[in-house]
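In this note's numbering, the protein residues as written are 356 to 961.
Don't be surprised by glycine CBs; every beta carbon is placed ideally from N, CA and C.
Computed from a predicted model, the values in this text were never measured in an experiment.
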């Protein structure tokens, strides 16, 4: 009797376990793809497994058979796709001196698999309109070219081993322009795949009296051949070692005399001076009128001067080293009048030529200041990589929500940069362009050249910004720390997205708290904390900063609706004690799976 009961229980347990395995998966549903970063001397290994595999033991060997790595990696993140779920594991491995590299998964078990990782050979010749790759027999080459919302795809199957070419000469003009990215995905027999990224040459030149900064990306992933020519056409300088060079991006700086006229990448003209002097007087401009003190103050470029016209009177100001200026007026002025701004600056038009823009238009002044305090509208918004509640990708709708809200300082979470799921778009950059805002993107992890993380959008200049990585297992999390120049006053604006795991969140909040303790100016901390107001993590951060909704007694606000219909608030705006808050609310929008959270705050003037 007892024996039969044991058998029945055992069978029940076995079949229950089988039922828990996601439909369509078996123990062999493990996929590996990789990306070789030759400039960074590393290999990014990406492993996909069924959801019930929570860790992957792994060994890496160089071409000589020597073991260079042995470790077990935990689940990076879990993803639900239709009726199935899978785990993703990502590991960056230093590139051994001798290649190819052999990777062994689940060594010594029945699931052991071995992969040979080579450095793919790809070439791009834009002049000939051709891209090619060296392929093994029966390999598949997929080429995707992307520039903004324009894309094209090509593919071929190799019948024999050797070089195989794709004709890309008939591409839309936009895809042949600087800023386009080429993704070569090579799938080898057996399913192993790798992706190589190349760029259409993109060179930007920032030239002024006595200096030249050249930056961009080279199509080959190598440092371009930059030549600088004088007015007579003679080569005067050639670039040496780049100041910075990573993943095909370079920055070259040199102090030059005023005789240059052209800069070339090989034989290709990337810069041409049209015969005028360069001026960088007003790359950006913010100004406000303070009624009580009867002054105009603001922030402009750190070079040159600013000139206002009030009636027939011209007022000049020379900004300090941080671009701040103040002009004292003799008598009060009507703030509704137009204030003329004079000056000029250089702005790139396309890639190869620069044009002069004159500030001959009028700027309407508005009373930003209220006595000794000015008001800012802040937003925290998890945009779910631009995917709406109906599952539609619509980054333009996200921009519309932000625009109509009137937010001036925005912290975004779950922002994509060239992910397949978001059609290879640089979401932070595109949102900034659509909204006419400054931006900073903080990448928390990469996958085959694509990035994912947090972002800052600001109507005010971003004086500086950095992306701090937080500790924790699984999906990498981070916090952006940006210094925002608000009418000449610096404010710390922090944006974060914390782990789903409570113990990891505790550690991450302790790191953020210690970092805030080191900051001198006022702090605004926003983000998706994956915690409810009753959780201890929120109470912990409230010991340092005040929570805006709680300050106004609006604990009823919710920003997220769970699958069971439960409404909760996991997005927050935290403020330094000296910052006032007059209102807080959410916007009922289906543009994301989160609702945007907004607050009107007041910050004391300098």
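Original post:
Sorted by chain position, which residues of the same chain lie with C-beta nearer than 8 Å to residue 510's C-beta, five sequence neighbours on each side aside?
Top reply: Here the question's residue 510 lines up with position 155 in the chain shown. Contacts found: 495, 496, 497, 498.
**OP:** Pull up the distance between the alpha-carbon of residue 796 and that of residue 808, whole angstroms please.
**Re:** The residue you call residue 796 lines up with position 441 of the chain shown. The residue you call residue 808 lines up with position 453 of the chain shown. If you take the alpha carbons of residue 796 and residue 808, they lie about 7 Å apart.
Original post:
Would the region 761 to 778 and the region 885 to 893 be scored as touching if the rule is three or more Cβ pairs under 8 Å?
Top reply: Taking 8 Å as the limit for Cβ pairs, the verdict is that the region 885 to 893 does not touch the region 761 to 778.
Subject >> the region 897 to 905 touching the region 930 to 943, judged by at least three CB pairs closer than 8 Å >> reply: yes
**OP:** Whole angstroms is fine: what's the gap from residue 873's alpha carbon to residue 846's?
**Re:** Stepping through the chain shown from its first residue, residue 873 is reached at position 518. Stepping through the chain shown from its first residue, residue 846 is reached at position 491. If you take the alpha carbons of residue 873 and residue 846, they lie about 14 Å apart.
Original post:
So what's residue 420 in DSSP terms, helix, strand or just coil?
Top reply: Taking the chain shown and counting its residues from 1, one reaches residue 420 at position 65. Coil.
Subject >> As assigned by DSSP and simplified to three states, the class of residue 734 >> reply: As a first step, residue 734 is located in the chain shown; it is residue number 379 there, counting from the start. If DSSP states are grouped into helix, strand and coil, residue 734 belongs with the strands.
Subject >> Anticipated Cβ contact below 8 Å, residue 773 with residue 805, distance rounded >> reply: Mapped onto the chain shown, residue 773 falls at position 418. Mapped onto the chain shown, residue 805 falls at position 450. Residue 773 to residue 805, Cβ: 5 Å. Contact.
Original post:
From this set, 927, 734, 919, 917, which residue's C-alpha is nearest residue 910's C-alpha?
Top reply: Locating residue 910 in the chain shown gives position 555, counting from the first residue. Answer by Cα proximity: 927.
Original post:
For residue 792, which three-state DSSP category applies?
Top reply: Here the question's residue 792 lines up with position 437 in the chain shown. In the three-state reduction of the DSSP assignment, residue 792 falls in the coil class, being assigned neither a helical nor a strand state.
**OP:** Assuming residue 537 contacts residue 479 (C-beta within less than 8 Å), just tell me the rounded distance between them.
**Re:** If you number the chain shown from 1, residue 537 lands on position 182. If you number the chain shown from 1, residue 479 lands on position 124. Going by Cβ atoms, the distance from residue 537 to residue 479 rounds to 6 Å, so yes, they are a contact pair.
**OP:** With 9 Å as the threshold, decide whether the Cβ of residue 780 is near any Cβ in chain E.
**Re:** Annotation note: the requested chain E is absent from the structure, which comprises a single protein chain.
Subject >> Cβ distance (whole Å) where residue 939 is taken to contact residue 951 below 8 Å >> reply: Translated into the one-based positions of the chain shown, residue 939 becomes position 584. Translated into the one-based positions of the chain shown, residue 951 becomes position 596. Rounded, the Cβ-Cβ distance is 12 Å, inconsistent with contact.
Original post:
For the beta strand (DSSP E) that contains residue 780, what are its first and last residues?
Top reply: Indexing the chain shown from 1 puts residue 780 at position 425. Here residue 780 belongs to no beta strand (DSSP E), and DSSP marks it neither H nor E.
Original post:
How many angstroms separate the CA atom of residue 451 from the CA atom of residue 471?
Top reply: The sequence position of residue 451 within the chain shown is 96, counting from 1. The sequence position of residue 471 within the chain shown is 116, counting from 1. Rounded to the nearest angstrom, the two C-alpha atoms are 13 Å apart.
Subject >> Other residues of its chain near residue 544: CB distance less than 6 Å, five sequence neighbours each side excluded >> reply: Residue numbering aside, residue 544 sits at position 189 when the chain shown is read from its first letter. Apart from the 5 residues on each side of it in sequence, residue 544 sits with its Cβ closer than 6 Å to the Cβ of 493 in its chain, given in chain order.
**OP:** Ignore the nearest five residues each way along the sequence and tell me which others in residue 822's own chain have a CB closer than 6 Å to its CB.
**Re:** As a position in the chain shown, residue 822 is number 467, starting the count at 1. Counting only residues of its own chain and dropping the five nearest sequence neighbours on each side, residue 822 has a CB closer than 6 Å to the CB of 797, 833, 835.
Original post:
On the three-state DSSP scale, how would you describe residue 869?
Top reply: Within the chain shown, numbered from 1, the residue matching residue 869 stands at position 514. Correct three-state label for residue 869: helix.
**OP:** Tell me where the beta strand (DSSP E) around residue 500 begins and ends.
**Re:** Within the chain shown, the letter at position 145 stands for residue 500. Counting along the chain, the beta strand (DSSP E) containing residue 500 begins and ends at 495 to 502.
Subject >> Straight-line Cα distance separating residue 650 from residue 525 >> reply: The count along the chain shown starts at 1 and reaches residue 525 at position 170. The count along the chain shown starts at 1 and reaches residue 650 at position 295. Cα to Cα, residue 525 sits roughly 58 Å from residue 650.
**OP:** Starting from residue 760, follow the alpha helix (DSSP H) in both directions and report where the run begins and ends.
**Re:** Against the chain shown, residue 760 aligns to sequence position 405. Residue 760 -> alpha helix (DSSP H) spans 750 to 760.
**OP:** State yes or no: is the C-beta of residue 882 within less than 9 Å of the C-beta of residue 760?
**Re:** Against the chain shown, residue 882 aligns to sequence position 527. Against the chain shown, residue 760 aligns to sequence position 405. Going by C-beta atoms, residue 882 is not nearer than 9 Å to residue 760.
**OP:** In angstroms with no decimal places, state the Cα-to-Cα distance between residue 408 and residue 387.
**Re:** Here residue 408 corresponds to residue number 53 of the chain shown, with the count starting at 1. Here residue 387 corresponds to residue number 32 of the chain shown, with the count starting at 1. Spanning the two alpha carbons is a distance of roughly 14 Å.
Original post:
If you draw a straight line from the alpha carbon of residue 877 to that of residue 819, how long is it in whole angstroms?
Top reply: For the purposes of this step, residue 877 is taken as the residue at position 522 of the chain shown. For the purposes of this step, residue 819 is taken as the residue at position 464 of the chain shown. Cα to Cα, residue 877 sits roughly 15 Å from residue 819.
Subject >> Under the three-state DSSP convention, the category residue 864 falls into >> reply: The residue labelled residue 864 in the question sits at position 509 within the chain shown. Here residue 864 sits in helix by DSSP.
Original post:
How many angstroms separate the CA atom of residue 948 from the CA atom of residue 417?
Top reply: Walking along the chain shown from the start, residue 948 turns up at place 593. Walking along the chain shown from the start, residue 417 turns up at place 62. Distance from the CA of residue 948 to the CA of residue 417, rounded to the nearest whole angstrom, comes to 45 Å.
Original post:
Is the CB-CB distance between residue 411 and residue 399 below 9 Å?
Top reply: Sequence index remark: in the chain shown, residue 411 carries index 56 (1-based). Sequence index remark: in the chain shown, residue 399 carries index 44 (1-based). For residue 411 and residue 399, no; Cβs fall outside 9 Å.
Subject >> Contact under 9 Å by Cβ, residue 732 with residue 953 >> reply: As a first step, residue 732 must be located in the chain shown, where it is residue number 377. As a first step, residue 953 must be located in the chain shown, where it is residue number 598. Yes, these two residues count as a Cβ contact at 9 Å.
Subject >> Presumed contact (8 Å Cβ cut-off) between residue 812 and residue 841, rounded CB distance >> reply: As a first step, residue 812 is located in the chain shown; it is residue number 457 there, counting from the start. As a first step, residue 841 is located in the chain shown; it is residue number 486 there, counting from the start. The pair is not a contact, with the Cβ atoms about 14 Å apart (cut-off 8 Å).
**OP:** Please report the residue range of the beta strand (DSSP E) in which residue 895 lies.
**Re:** Working through the chain shown from its first residue, we reach residue 895 at position 540. Not the beta strand (DSSP E): residue 895 falls in the alpha helix (DSSP H), residues 891 to 896.
Subject >> CA nearest to the CA of residue 530, picked from 516, 553, 515, 547 >> reply: Here residue 530 refers to the residue found at position 175 when the chain shown is read from its first residue. Of the listed residues, the one whose Cα sits closest to residue 530 is 553.
**OP:** From the DSSP output, in three-state form, read off residue 797 for me.
**Re:** Position 442 of the chain shown, counted from the first residue, corresponds to residue 797. Three-state result, residue 797: strand.
Subject >> Limits of the unbroken beta strand (DSSP E) element including residue 933 >> reply: Within the chain shown, numbered from 1, the residue matching residue 933 stands at position 578. DSSP places residue 933 in no beta strand (DSSP E); its state is neither H nor E.
Subject >> Neighbour-count burial assignment, residue 475, 16 or more Cβ in a 10 Å radius >> reply: Within the chain shown, residue 475 is the residue found at index 120, counting from 1. Burial check for residue 475: the Cβ neighbour count within 10 Å reaches 16 or more, so the residue is buried.
Original post:
Taking buried to mean at least 16 other C-beta atoms within 10 Å of its own C-beta, is residue 858 buried or exposed?
Top reply: Counted from its first residue, the chain shown places residue 858 at position 503. Under this definition residue 858 is an exposed residue.
Original post:
For residue 869, does the count of other Cβ atoms within 10 angstroms reach 16, so buried, or fall short, so exposed?
Top reply: Residue 869 sits at position 514 when you count from the first residue of the chain shown. By the 10 Å Cβ count, residue 869 comes out exposed.
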